[in-house]
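Below: one structure, written as structure tokens.
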Amino acid sequence: MDNCNELRNFARMKETKWCENVILADADYVDKVAFDLIVNFERMIGRQIPKADMAQWLECVAMDGGLRPQPSDISPQTSIQVVLLHKQQQMENFNPGIFAELDGKAFTGPIGEFLISCVKVEDLTTMDDLFVDSMQVIANAAEVKRLIVVPNAEQIYDKVRKGLQHADDEKRITVLTMQPMQGGNFRQEILGYSLMAALGIRSEEINCK
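Take the sequence shown: its letter number 94 is residue 93 in numbering that gives the first Met the number 0, and every next letter is one higher.
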């Protein structure tokens, strides 16, 4: 993917040519939530839960952001740019989950083509600061029409809400959190639903307990 090298250097973020659809996620936080769900639901439903399917999770997140499957004869396909910010070497609870292997890769599904970039958070900044700065750069990019944000809401939700308060009203921005939060200039969806789908946890398993 042509943009991968640019995304490695935050100083050049503003020069990046973005897709109309972008997913920005704190990958370390998402991995932690997946681990918590695995531990809790294995105890609840009494079976082993496999690692989350990365492709299925990203497709569910895209649908949370308003994208829908396309007829196979539609051309060109919808492109979804995925930016995974991380400090760890891999997402222990996802398959695939090694950032060095995910970076620059792409896959195509019913929603469209997903283009993945993995951006390591260096010691010169913090995950929180890089996440908010990256979010604002992407939200302000003229070519971006749809932005889906997956922050560590337990720590930085207020910064995310303030950072998006002046975003263009014509852009569709969705923030995924584990529970409903104070509203802002964006839509909200629950992160746990997409993770449960990617982990293969079925609603009927929960309802019968």
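Just so it is clear, CB atoms sit at the ideal spot from N, CA and C, and this is done for glycine as well.
These numbers were taken from a predicted model, which means no experiment stands behind them.
Secondary structure of residue i, DSSP reduced to three states
| i | result |
| --- | --- |
| I200 | coil |
| N4 | Reliability of the predicted coordinates at N4 is poor, the pLDDT of 41 falling under 50, and no value is obtained from them. |
| L146 | strand |
| K209 | Lying outside 0 to 208, the shown extent of the chain, residue 209 is not represented and no answer is given. |
| L66 | coil |
| Q187 | strand |
| E169 | coil |
| I97 | strand |
| D30 | helix |
| Q47 | coil |
| I205 | helix |
| Q55 | helix |
Element boundaries [beta strand (DSSP E), containing residue i]
| i | result |
| --- | --- |
| N20 | N20 to D25 |
| A105 | A105 to T107 |
| I79 | S78 to H85 |
N- and C-terminal bounds of the alpha helix (DSSP H) containing residue i
| i | result |
| --- | --- |
| Q181 | That residue, Q181, is in no alpha helix (DSSP H); it is neither H nor E in DSSP. |
| I232 | Because the chain in this structure spans residues 0 to 208, residue 232 falls outside the shown range and cannot be described. |
| E91 | Run containing E91: none; DSSP gives neither H nor E here. |
| R160 | A152 to G162 |
| I137 | M126 to N139 |
Option in the options with minimal Cα separation from residue i
| i | options | result |
| --- | --- | --- |
| L114 | A105, V120 and G96 | A105 |
| I137 | R171, G108, G183 and D35 | R171 |
| G191 | H85, V174 and G182 | V174 |
| S116 | E41, K144, S133 and A33 | S133 |
| P68 | N139, K119, T107 and K16 | T107 |
| Q47 | M53, W56, F34 and A54 | F34 |
| N206 | V29, W17 and I44 | I44 |
Environment of residue i [buried if 16+ CB atoms lie within 10 Å]
| i | result |
| --- | --- |
| H165 | exposed |
| D1 | With a pLDDT of only 43 at D1, under 50, the local geometry of the prediction cannot be trusted, and the value read off the model is given with reservation. So D1 counts as exposed. |
| R201 | exposed |
| A152 | buried |
| Q76 | exposed |
(message) Does the segment 84-91 come into contact with the segment 191-201, if we say contact requires no fewer than three beta-carbon pairs (one atom in each stretch) closer than 8 angstroms?
(response) no
(request) Could you say if the segment 142-159 and the segment 118-132 meet the contact criterion of at least three C-beta pairs nearer than 8 angstroms? (result) Yes, the segment 142-159 touches the segment 118-132.
(request) Would you check if there are 3 or more beta carbon pairs closer than 8 angstroms linking the segment 19-37 to the segment 51-61? (result) yes
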